[in-house]
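Visitor: Attaching a single structure in structure tokens format; questions to follow.
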Amino acid sequence: MYFRKTEPFFTRYVYDEIVNTLRLYSAGQEFHGEKIYNYLKAYLLLGDERSKLDTNTQRFLTGTFTGILNSKFINTNSNVPPAGKDSLKNLFRNHISYFIEQMKENNIYPVRNDIMLLSSVRARFQNKPNAESIYARMKESGMSQYTELTFDQLIEGKSGQVMSTNFSIPYVFTSDGWKNYFYPAILNESVNPGKEDWVMGKSQFQQSSLSEFDSEKMKNQLTDLYTKDFMQTWIQFLQSIRYSGFQSAPYAANSMKLLSDPVNSPLIIILKLFAEQTKSISGTQPGATETGQPVLPSLNITDTKRFGKFILGSEDGSTPPDLNIVIMQYGILNGSLEGIKDGEDLIKDYAVKVLTQQAVEFQTSLKSIQGVIFNVPEFKNLLIEPVKMSWRSVLSGASSYLNTQWKSKVSDTYKKTLAGAFPFSEKGSDVPIQDFDEFFNPQSGILWTFFNSELSPFIKKETWKISSWENEGLSISRDFINSMKKADEISSIMFRDGKMDLTFRLKPLFPPESKTVSGKKATVVQYYLKINDIAETYGMGSPTETSYSWPNNQVQGANLYITLDEFGASDPISYFGEWAFFRLLNRANILRGESSSQVILKWNFAKPNLYDATIGYTLNAKSSRHPFSQNFFKAFKMPDTIN
């Protein structure tokens with residue numbers, strides 16, 4: 006039942022893809038030779054050559070069919086996250102494996118091949134011996150016959166859990182694979198190209214094509230294709246390696262100790278294996294080695310020597326390998342990490358020294374490694390990544406330490422003394438001026454004392470940029486930076502020369518505004534405003550400015566009311582305490598004035614069915630940076646952590 010339900014899916018997305026591609030190819034459209042050959046082989050195994058299904062051909066079909074589905078649904082779909090892609094790939098592979106397993110029965114998905122299509126594709130594909138198509142077939146045949154070698158197999162389990170990769174090396178791209186499979190296959194195909202290829206119908210090339218066939222040229226072309234593939238596969242393998250065990254400074258110290266081991270370093274082991282593999286199948290002349298084993302004459306000798314010199318040293322032993330310098334630098338960094346791994350405070354202090362160039366081990370190691378790998382750029386990430394990951398482990402330890410200190414010394418203090426109080430909380434009681442001073446004072450306050458002593462090496466206050474080495478700095482959240490910017494604004498505005506000192510001027514606005522209530526407008530005849538110990542009455546004449554200062558240690562309070570001609574004094578807006586004026590501000594509608602240092606304050610006084618009047622004052626601050634805006638203090642949010 007499962008097979009019957011999924012058969013239409015297979016037909017639409019796999020079988021039709023194969024047939025349509027072969028038809029387009031026979032009609033003249035160009036495709037990669039390896040793709041056409043594999044599609045033709047799959048088409049035959051589904052149909053007239055079903056009897057050739059065995060373990061190797063089943064593995065081939067699984068790879069081909071899942072490749073088609075992956076290409077259609079996964080590879081080009083940017084909307085699917087990596088985890089989803091992996092899950093879908095496993096689903097496709099399991100489905101295809103089951104499908105192919107059932108094909109052992111001839112009545113399962115029976116297909117009759119189109120003879121005309123086969124003839125047309127074969128005729129075009131083998132019109133003339135083609136090295137690319139022959140190589141594709143040889144490679145596919147070898148890949149299906151032999152297993153791949155995993156990283157752990159190649160390194161014999163000596164990775165130390167520091168290095169890993171999911172990339173495997175096909176057996177055909179090893180020295181044994183060259184000697185036992187590819188070299189004999191190239192010799193055979195260079196003499197009789199395609200003679201024993203059932204996919205191509207076991208047909209001989211046309212006499213005219215054979216007469217033009219150059220056996221030596223074909224041998225060289227096939228060898229060249231193999232050498233390029235061999236080197237590219239190994240380079241991709243090395244570049245796919247990822248490191249682990251660097252999540253903290255203690256872990257990084259252990260990992261760098263292992264990597265710097267001159268004998269057992271997994272990095273040395275895998276690089277030496279690579280050098281030995283390329284060297285063992287390369288030679289300067291066509292033919293065989295002294296032991297009679299075939300060599301790979303056209304392998305790029307320059308590349309072989311370049312990699313070999315870096316990994317193994319000069320052939321005559323006159324100079325040691327440059328890899329030794331890399332390993333030595335790993336050892337130096339291991340020593341630095343060992344010295345700080347037992348305390349997060351030590352790790353933080355060391356991070357500061359690196360950023361301020363008081364400790365130069367990281368800078369020196371990186372420059373030394375960069376200096377010796379200039380000729381082997383393929384190894385750049387492989388060799389430099391342990392240095393950068395070690396630095397990240399230092400930053401991680403510093404971050405953990407600073408988070409702990411920030412919470413206990415700054416965040417918890419703020420929450421205990423200021424967070425629930427006015428002006429940071431509308432419903433709270435007034436925060437004592439002394440507490441505000443002790444926290445926000447730019448010279449002696451808790452916040453800036455901590456910032457200057459602990460955070461300033463990691464954050465440049467002038468620009469609020471993160472200090473970094475090699476573009477790697479402390480992980481600091483954007484919310485934290487924004488909070489510090491707001492705290493800096495509060496401190497720089499509220500304090501002058503280390504003391505809280507605000508001065509401003511208020512001037513009544515004329516005329517007041519009055520709305521019609523119950524058919525008539527009430528007339529405002531007087532404003533009364535008292536801030537701390539200064540009281541001013543405005544009786545609708547020519548308005549004048551009055552200067553105020555805050556805070557006032559003697560008299561604390563704010564009181565505002567109006568007098569109306571028919572109703573007398575309104576209910577006052579009154580507050581008491583050190584922050585009374587700012588509470589009065591919060592009751593006002595605050596508008597922009599004629600300049601950045603000016604705001605318009607408006608208060609409404611109303612009684613149902615009696616009056617509705619609005620009066621205003623112009624407030625002029627000493628500068629454009631002032632605290633007389635809506636929610637100036639409430640906009641500050643104290644973060645629990647720095648990241």
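In our numbering, each residue carries its 1-based index in the sequence shown increased by 5. All C-beta atoms, glycine included, are put in the ideal place defined by N, C-alpha and C.
So, with DSSP's three-state summary, where would you put Tyr114?
Guide: For the purposes of this step, residue 114 is taken as residue 109 along the sequence shown, with counting starting at 1. Here Tyr114 sits in coil by DSSP.
Visitor: Rounded to a whole number of angstroms, what is the C-alpha to C-alpha distance between Glu137 and Arg117?
Guide: Position 132 of the sequence shown, counted from the start, is the residue given in the question as residue 137. Position 112 of the sequence shown, counted from the start, is the residue given in the question as residue 117. Taking the straight line from one Cα to the other gives about 29 angstroms.
Visitor: Is Met121 buried or exposed, if buried means 16 or more other CB atoms sit within 10 Å of its CB?
Guide: Numbered from its first residue, the sequence shown carries residue 121 at position 116. Burial call: exposed.
Visitor: Here's a check: name, in chain order, each residue in its chain whose Cβ is nearer than 7 angstroms to the Cβ of Phe104, leaving out the five neighbours to either side.
Guide: Mapped onto the sequence shown, residue 104 falls at position 99. So the list reads Phe15, once near-sequence residues are dropped.
Visitor: At which residues does the beta strand (DSSP E) containing Lys393 begin and terminate?
Guide: On the sequence shown, position 388 is the one that residue 393 refers to. Here Lys393 belongs to no beta strand (DSSP E); instead the alpha helix (DSSP H) covers Lys385 to Trp411.
Visitor: By a C-beta neighbour count over all protein chains shown, 10 Å radius and 16 as the cutoff for buried, is Lys642 buried or exposed?
Guide: Counting from 1 along the sequence shown, the entry for residue 642 is found at position 637. By the neighbour-count rule (16 or more Cβ atoms within 10 Å), Lys642 is not buried but exposed.
Visitor: Let me know the secondary structure DSSP gives Ser339 once reduced to three states.
Guide: As a position in the sequence shown, residue 339 is number 334, starting the count at 1. For the record, residue 339 in the displayed sequence is Asn; it is not Ser. Three-state DSSP puts Asn339 in a helix.
Visitor: Mapping DSSP to helix, strand and coil, what is Pro175?
Guide: Within the sequence shown, residue 175 is the residue found at index 170, counting from 1. The answer is strand: DSSP assigns Pro175 an E or B state.
Visitor: Just tell me which of Phe485, Ile273 and Gly348 has its CA closest to the CA of Ala313.
Guide: By one-based count along the sequence shown, residue 313 stands at place 308. Per the sequence presented here, residue 313 reads as Gly, with Ala not at that position. When only C-alpha atoms are compared, the closest one is Ile273.
Visitor: Measuring CA to CA, which of Ser102, Gly340, Pro556 and Pro115 is closest to Phe441?
Guide: Position 436 of the sequence shown holds residue 441. It is Pro556 whose Cα lies nearest to the Cα of Phe441.
Visitor: Could you tell me the boundaries of the alpha helix (DSSP H) in which Gly38 lies?
Guide: Along the sequence shown, read from residue 1 onward, the residue named residue 38 stands at position 33. Where Gly38 is concerned, the enclosing alpha helix (DSSP H) stretches over Gly38 to Leu51.
Visitor: Does the Cβ-Cβ distance between Pro255 and Lys346 come in under 8 angstroms?
Guide: If you number the sequence shown from 1, residue 255 lands on position 250. If you number the sequence shown from 1, residue 346 lands on position 341. Contact flag set, yes.
Visitor: On a Cα-Cα basis, can you pick out the residue from Asp234, Glu194 and Ser245 that is closest to Lys224?
Guide: Position 219 of the sequence shown holds residue 224. Considering only alpha carbons, the answer is Glu194.
Visitor: Starting from Ala492, follow the alpha helix (DSSP H) in both directions and report where the run begins and ends.
Guide: Against the sequence shown, residue 492 aligns to sequence position 487. Taken as a continuous stretch (DSSP letters only), the alpha helix (DSSP H) holding Ala492 covers Arg483 to Met499.
Visitor: Can you name the start and end residues of the beta strand (DSSP E) that Thr170 belongs to?
Guide: Walking along the sequence shown from the start, residue 170 turns up at place 165. Per DSSP, Thr170 belongs to no beta strand (DSSP E) and is neither H nor E.
Visitor: Is Pro267 closer than 8 angstroms to Ile332 when the C-beta atoms are compared?
Guide: Translated into positions along the sequence shown, residue 332 becomes position 327. Translated into positions along the sequence shown, residue 267 becomes position 262. The answer is yes: Cβ separation under 8 angstroms.
Visitor: Look at the alpha carbon of Asp617 and the alpha carbon of Ala611, and state the distance between them as a whole number of angstroms.
Guide: Here residue 617 refers to the residue found at position 612 of the sequence shown. Here residue 611 refers to the residue found at position 606 of the sequence shown. Taking the straight line joining both Cα atoms gives about 4 angstroms.
Visitor: With a threshold of 8 angstroms, are at least 3 pairs of Cβ atoms found where one atom belongs to the segment 384 to 395 and the other to the segment 332 to 344?
Guide: Contact holds: three or more Cβ-Cβ distances are below 8 angstroms.
Visitor: Return helix, strand or coil for Ser628, following the three-state DSSP convention.
Guide: Position 623 of the sequence shown, counted from the start, is the residue given in the question as residue 628. In this structure, Ser628 counts as coil in the three-state DSSP scheme.
Visitor: Could you spell out where the alpha helix (DSSP H) holding Thr283 opens and where it closes?
Guide: Start at 1 with the first residue of the sequence shown, and residue 283 comes out as number 278. Counting along the chain, the alpha helix (DSSP H) containing Thr283 begins and ends at Pro271 to Ser285.
Visitor: Could you give the residue range of the alpha helix (DSSP H) that holds Val529?
Guide: The residue labelled residue 529 in the question sits at position 524 within the sequence shown. Looking at the DSSP string, Val529 is not in any alpha helix (DSSP H); the run it does join, the beta strand (DSSP E), is Val529 to Ile536.
Visitor: Locate the alpha helix (DSSP H) running through Arg98, then write down its first and last residues.
Guide: Here residue 98 is taken as the residue at index 93 of the sequence shown, counted from 1. That run of the alpha helix (DSSP H) goes Pro87 to Gln107.
Visitor: DSSP three-state label for Val19, please.
Guide: In the sequence shown, residue 19 corresponds to position 14, counting from 1. Residue state, collapsed to three classes: helix.
Visitor: Quick check on this structure: which residue in Ser265, Ile139 and Ala280 has the alpha carbon closest to the alpha carbon of Glu320?
Guide: The residue you call residue 320 lines up with position 315 of the sequence shown. Nearest option by C-alpha distance: Ala280.
Visitor: Could you name the residues that DSSP lists as bridge partners for Gln603?
Guide: Counting from one through the sequence shown, the residue named residue 603 turns up at place 598. DSSP lists Asn625 as partners of Gln603.
Visitor: Do the CB positions of Leu27 and Leu50 come within less than 8 angstroms of each other?
Guide: As a position in the sequence shown, residue 27 is number 22, starting the count at 1. As a position in the sequence shown, residue 50 is number 45, starting the count at 1. No, the Cβ-Cβ distance between Leu27 and Leu50 is not below 8 angstroms.
Visitor: Going by the CB atoms, is the gap between Ser404 and Asn648 shorter than 8 angstroms?
Guide: Residue 648 sits at position 643 when you count from the first residue of the sequence shown. Residue 404 sits at position 399 when you count from the first residue of the sequence shown. Yes; because the gap between Cβ atoms is below 8 angstroms, this pair is in contact.
Visitor: Is the CB-CB distance between Arg588 and Ile498 below 8 angstroms?
Guide: Here residue 588 refers to the residue found at position 583 when the sequence shown is read from its first residue. Here residue 498 refers to the residue found at position 493 when the sequence shown is read from its first residue. Result no, Cβ atoms of Arg588 and Ile498 do not sit closer than 8 angstroms.
Visitor: Is it the case that the Cβ atoms of Val529 and Ile605 are separated by a distance below 8 angstroms?
Guide: As a first step, residue 529 is located in the sequence shown; it is residue number 524 there, counting from the start. As a first step, residue 605 is located in the sequence shown; it is residue number 600 there, counting from the start. No, the pair does not count as a contact, with Cβ atoms beyond the cut-off.
Visitor: Quick one, which of Ser341, Ser83, Lys57 and Lys353 has its alpha-carbon nearest Trp203's?
Guide: Here residue 203 refers to the residue found at position 198 of the sequence shown. With distances taken between Cα atoms, Trp203 lies closest to Lys57.
Visitor: What residue range is occupied by the uninterrupted beta strand (DSSP E) comprising Pro513?
Guide: One-based indexing of the sequence shown puts residue 513 at position 508. It spans Leu507 to Pro513 - the beta strand (DSSP E) in which Pro513 sits, taken as one unbroken run.
Visitor: Should Ser453 be labelled buried (16 or more other beta-carbon atoms within 10 Å of its own) or exposed?
Guide: Residue numbering aside, residue 453 sits at position 448 when the sequence shown is read from its first letter. It should be noted that the sequence gives Trp, not Ser, for residue 453. Looking at its Cβ environment, which holds 16 or more other Cβ atoms inside 10 Å, Trp453 is buried.
Visitor: Starting from Glu541, trace the beta strand (DSSP E) in both directions and tell me its first and last residue.
Guide: Sequence index remark: in the sequence shown, residue 541 carries index 536 (1-based). Per DSSP, Glu541 belongs to the beta strand (DSSP E) from Ile539 to Tyr543.
Visitor: Would DSSP call Val415 helix, strand or coil?
Guide: Within the sequence shown, numbered from 1, the residue matching residue 415 stands at position 410. Correct three-state label for Val415: helix.
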